[in-house]
Amino acid sequence: MKLDNIMVSVCVITYGHEKYIEQTIDGILMQEVDFDFELIISNDCSPDQTDEVVKSYLKDHPKSNKVKYFSHKKNMGAYQNFVFSLENSNGKYIALCEGDDYWTNPLKLQKQVDFLESNPDFSICFTDYAVLS
1464 MKLDNIMVSV CVITYGHEKY IEQTIDGILM QEVDFDFELI ISNDCSPDQT DEVVKSYLKD
1524 HPKSNKVKYF SHKKNMGAYQ NFVFSLENSN GKYIALCEGD DYWTNPLKLQ KQVDFLESNP
1584 DFSICFTDYA VLS
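Here's what the structure looks like:
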């Protein structure tokens, strides 16, 4: 069921990303937008401390109300984890960010939604990226 007030669902699947997941969440929650969005994090039974890192990070975060966090007790694999995150999304649009990636532009979502809303013949868009080592 799609909720009318959620414009974008940002889906993050994660597995073993304890070193990166905070930066991933930061890049998403720093988005400056004039619409509602939600962040769906689906942890595929990570063997490291990803679960603890996410829970600790969100505990006192002022935007934690935008986050739906799922910590699976059994590994389902990347594809099923991705499908799970999509099935639990409510947005008109879907944005993807892997648990070991992050966004650096606080206007990323706003620019993409503005484009899609102004160009109804388009159903997908993307942004530039940089590979950092």
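For the sequence shown, the numbering used here assigns the number 1464 to the initial residue and increments by one for each residue that follows. The beta carbon of each residue, even a glycine, is placed where N, CA and C say it ideally should be.
Going straight from the alpha carbon of residue i to that of residue j, what length do you get?
| i | j | result |
| --- | --- | --- |
| L1579 | I1503 | 21 Å |
| D1514 | I1484 | 10 Å |
| L1595 | G1562 | 15 Å |
| D1564 | H1480 | 10 Å |
| Q1494 | Y1542 | 27 Å |
| D1527 | T1487 | In the sequence on display, residue 1527 carries Ser and not Asp. If you take the alpha carbons of S1527 and T1487, they lie about 14 Å apart. |
| Y1532 | A1558 | 16 Å |
| T1477 | N1582 | 32 Å |
Spell out the partners DSSP gives residue i in its beta bridges.
| i | result |
| --- | --- |
| Y1556 | V1471 |
| T1477 | N1506 |
Label residue i either buried or exposed according to how many other C-beta atoms from any shown protein chain fall within 10 Å of its C-beta, with 16 as the threshold for buried.
| i | result |
| --- | --- |
| K1482 | exposed |
| Y1556 | buried |
| V1570 | For the sequence presented, residue 1570 should be read as Leu rather than Val. Per the 10 Å Cβ criterion, exposed. |
At what residues does the beta strand (DSSP E) containing residue i begin and finish?
| i | result |
| --- | --- |
| I1484 | Per DSSP, I1484 belongs to no beta strand (DSSP E); it is in the alpha helix (DSSP H), I1484 to L1492. |
Quick check for students: name the residue ranges of the beta strand (DSSP E) that lie wholly in the stretch 1487 to 1544, counting only runs of 3 or more. 1499 to 1506 and 1530 to 1534
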